[in-house]
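Data block below; observations after.
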Amino acid sequence: MKRIAFVGTVGAGKTTLFNALQGNYTLARKTQAVEFNDKGDIDTPGEYFSHPRWYHALITTLQDVDMLIYVHGANDPESRLPAGLLDIGVSKRQIAVISKTDMPDADVAATRKLLL
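Residues 8 to 123 in my numbering are what the sequence shown spells out, letter by letter.
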């Protein structure tokens, strides 16, 4: 069974996407710890991206997944990919999702350029 990990900054929309793909459309609460669904997919806390001291925990958590889904808000003009994240993902499928496209300050074109 393929395992997927959702990663991104605090407030990027990881948990909302994680829940929606499981048919759960309720308001997402803040993820305080690594969470798993019944398939073993992983929703990671955004703090893992925000604080370098958590990078090791993030990279360790992602070792056994088959796919990384990076969620980035269209209203966030900065890239914050932790050092080494894409290196461990070389053998994994990597997908970038642009979220929050409906926000007044969203800039989808700039976000797309940022992620390429």
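For glycine and all other residues, C-beta sits at the position ideal for the given N, C-alpha and C.
Keep in mind it's a predicted model, so treat the numbers as computed, not measured.
Asked: Cα-Cα separation, Gly47 to Gly18; Found: 22 Å
Asked: Buried or exposed (CB count within 10 angstroms, at least 16 for buried), Phe25; Found: buried
Asked: Burial state of Ser98, where buried means 16 or more other Cβ atoms lie within 10 Å; Found: exposed
Asked: Boundaries of the beta strand (DSSP E) in which Arg100 is found, first to last residue; Found: 100-106
Asked: Pair within 7 Å by beta-carbon distance, Ala81 and Thr51; Found: no
Asked: Nearest-angstrom Cα separation, counted from Met8 out to Leu75; Found: 15 Å
Asked: CA-to-CA distance, Glu42 to Val115, given in whole angstroms; Found: 28 Å
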